[in-house]
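Quick notes on the structure that follows.
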Amino acid sequence: MPTTTPSLSSPPNPNPDSNPNPKPTHLIIVCCHAIYTGSSSPSTAFPSDPSNWLLAPFQTGEIPTFTAHMQAGLSLLASSGITSENGGESNDALLVFSGSKTRPEIDKSEARGYLDFCIRNEFWGILKPVSDGNQTSQSSESKLDQNQNQNPTPILNPDPPHPGGDIKDSTPAVKAEGEPIQYHHQSSIHLDNQALDSYHNILFPLLLFHTHTHTWPSLLTIITHAFKRPRFMTLHIPALRYPAHRVRFVGIDPEYMREGDEMFDE
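Whatever position you read off the sequence shown (first residue = 1), add 1 for the numbering used here.
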């Protein structure tokens, strides 16, 4: 019997508590803007130094802004955690770092770089390490890949993406080097390695969410620069026919773009 894919405007499950293993209902997207070239290990001594990033000339001084975007996404993810009566951990949200391989100098996506930067900074304490006796966290995306591809090895460097790329190539949140240190809610972090522009930043994470949950998110949070709000809310969201009342936009601009800063230029 053929199945019907629900519309983006379909209402969420009216009684999610009836499911003993509730699926995430909240999609958090952090739009990536540059590539962190350093390691996820302590071998990179100063991860916030511009020498460890591939920045465009106009992005000088924006590493703190990118960091604030990541921290905002992690904070929302951490606050969405659910602990069941038997002590199990789940999450009502998926966090997606969205950004492709945008520079020829390195075979690395913006999304992978953001995750490496988070791991190198130990998630700034926002996500807590799992004790050694409880390191059972496995990326749900990795499980998905195993079921669909019968291949337990995550694809860390897929071929250069294109709009028609396979969404299941999105990389799970695993440490790239050495024995991983697992963090609470880490399995709820996913990478979209395909997005090449701000429209893709919404489209591909939505498809990733649907691939994982077989439904659409009832809440969508977009984290990026504040000045991009009109682009997302008046163009991209209507184009995708996603209900605007279910979108939360978190805009964080560089300090020099904030009114009141001595460098602010109207």
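C-beta: ideal position from N, C-alpha, C; glycine also. Note that this is a predicted model, so its numbers are computed, not measured.
Contact defined as beta carbons within less than 8 Å: I believe residue i pairs with residue j. What is the distance between those atoms, to the nearest angstrom?
i, j, result
"V251", "Y115", "Not a contact, Cβ separation roughly 16 Å."
"A94", "I29", "5 Å"
"A69", "I253", "5 Å"
"G82", "H186", "6 Å"
"L96", "I190", "5 Å"
If we count the other Cβ atoms within 10 Å of its Cβ and call it buried at 16 or more, is residue i buried or exposed?
i, result
"T61", "exposed"
"D108", "exposed"
"R242", "exposed"
"A46", "exposed"
"H27", "buried"
"R113", "buried"
"W54", "buried"
"L236", "exposed"
"P239", "exposed"
"R196", "The sequence given here has Ala at residue 196, not Arg. With 16 or more other Cβ atoms within 10 Å, it is buried."
"G39", "buried"
"A227", "exposed"
"T42", "According to the sequence displayed, residue 42 carries Ser and not Thr. That one is exposed."
"S101", "buried"
"S44", "exposed"
Just how far apart, CA to CA, sit residue i and residue j?
i, j, result
"S132", "F59", "42 Å"
"P231", "I182", "39 Å"
"P255", "T225", "11 Å"
"N202", "L192", "11 Å"
"Y257", "P105", "29 Å"
"K229", "S76", "21 Å"
"L204", "P51", "30 Å"
"K129", "H246", "32 Å"
"S188", "S99", "16 Å"
"C33", "P48", "16 Å"
"F210", "R249", "17 Å"
"P24", "S91", "It should be noted that the sequence gives Lys, not Pro, for residue 24. Rounded to whole angstroms, K24 to S91 spans 9 Å at the Cα level."
"N194", "M71", "16 Å"
With a cut-off of 8 Å, does the C-beta of residue i fall near any C-beta of chain B?
i, result
"L209", "No chain B appears in the structure shown, which is made up of a single protein chain."
Based on the DSSP output, what are the partners of residue i in its beta bridges?
i, result
"P130", "Y184"
"I30", "V97, I223"
"G252", "T225"
"W54", "Y37"
"N92", "G82"
Task: Contact the stretch 207 to 221 vs the stretch 57 to 70: 3+ CB pairs below 8 Å - done: no
TODO: Determine, using beta-carbon pairs with one atom in the stretch 120 to 129 and one in the stretch 206 to 216, whether at least three such pairs fall under 8 Å.
DONE: They do not touch, by the three-pair rule.
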